[in-house]
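The numbers in the sequence shown follow UniProt numbering, run straight up by one, and end at 189. The beta-carbon is built from N, C-alpha and C at its ideal position, and this holds for glycine as well. Nothing here was measured: the structure is a model prediction, and the numbers come from that model. Heads up, the thing below is written out as structure tokens.
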Amino acid sequence: MEVDAHVVCFLFGLRPTLGATFRIREQHSDIRLLSLSRRVGIEVRGIAKPILGRFAEELRCTAILNVVDGEEVVCLVSVEPTSSGVRVAHREGQRHALSRGASGIAAAAALPHRPGERRAVTAARHVGYAVSHAEVAPGTVAASAPLSLASHDWTGAVSLLFADALAPTPADAGRAVKEAARLIGEAAA
């Protein structure tokens, strides 16, 4: 199925290219990302992007907004720093199991307790963030905070993804990601 570039650009806040079309195959994540974007709302993406951008620049990391989709967590917005020579790429639409990585752990912590969940989920509920090392991507450290937006019927996590060599202490990363989640939550309320 082909979709006019203006439709996709409107949904994702991109600049259209004259005459461009996007080819979308339903069995791939692109159509699912479009569906998630409509469910979560363009408003949340628009609110989150500048806040994530600020943290990406200040901390020289990739800042990410994730949403829960069934038993997976999906990257809805990803902002890389422009001022850092080292970048960790994390594309929008990328997904992994809710049970893996800081983003999955933090997103699971935003949900009600589930039988058999990892101890890390309980710990994330207690301290307000999760940290993982190379659990989803080799050579990376991720810090994520749960985010639940009742006004948008939305659950997910905010994540800061660092190249291993540039990662702050887990406590510093945790404080930063909790602040990013707080700012997005307040702005979206």
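Apart from the five residues just before and just after residue i, which ones in its own chain have a Cβ nearer than 6 Å to its Cβ?
i    : result
S103 : N66, V73, S144, A157 and S159
P112 : none
Along the chain, where does the beta strand (DSSP E) that runs through residue i open and close?
i           : result
G185        : No beta strand (DSSP E) contains G185, which is instead part of the alpha helix (DSSP H) from P170 to A188.
residue 216 : Because residue 216 is not part of the residues shown, which for the chain are 1 to 189, the question remains open.
S132        : A130 to H133
T82         : Per DSSP, T82 belongs to no beta strand (DSSP E) and is neither H nor E.
L166        : Element bounds for L166: n/a, residue is neither H nor E.
Out of curiosity, what's the CA-to-CA distance linking residue i and residue j?
i    : j    : result
A123 : G70  : 22 Å
F22  : K178 : Unreliable placement is indicated for F22, whose pLDDT of 46 sits below 50; the coordinate value is still reported in the next sentence. Each residue's alpha carbon lies about 36 Å from the other.
E186 : L147 : 11 Å
K49  : Q94  : 17 Å
E117 : L98  : 10 Å
R119 : T169 : 21 Å
V68  : H96  : 10 Å
A176 : R125 : 16 Å
S83  : A165 : 16 Å
How would you write the range of the alpha helix (DSSP H) that residue i sits in, first residue to last?
i    : result
V121 : R119 to V127
S103 : G101 to A109
Are the beta-carbon atoms belonging to residue i and residue j less than 8 Å from one another?
i    : j    : result
A106 : A137 : no
A109 : V121 : yes
R54  : P81  : no
I51  : A180 : yes
L161 : V88  : yes
A167 : V141 : yes
G139 : A163 : yes
G101 : S132 : yes
I'd like to know whether the C-beta of residue i is nearer than 8 Å to at least one C-beta of chain B.
i   : result
I47 : Any reference to chain B falls outside this structure, which holds one protein chain only.
Per DSSP, which residues does residue i bridge with? Please list them.
i    : result
C75  : N66
R95  : V74
A150 : The partner list for A150 (beta bridge, DSSP) is empty, contrary to what the question assumes.
V141 : H133 and F162
Report all residues from its chain with a CB closer than 7 Å to the CB of residue i; omit the five preceding and five following residues, and keep chain order.
i           : result
V44         : L149, H152, W154 and A188
E92         : L33, C75, L76, V77 and S78
H90         : T62, I64, C75, S78 and L161
residue 208 : Here the chain covers residues 1 to 189 and nothing more, so residue 208 does not appear.
Return the chain-ordered list of same chain residues with a C-beta closer than 8 Å to the C-beta of residue i, the five sequence neighbours on each side being excluded.
i    : result
P115 : none
Q27  : Confidence is the limiting factor: at Q27 the pLDDT is only 43, short of 50, which leaves the residue's position unreliable, though a coordinate-based value still follows. Same-chain partners within the cutoff: there are none.
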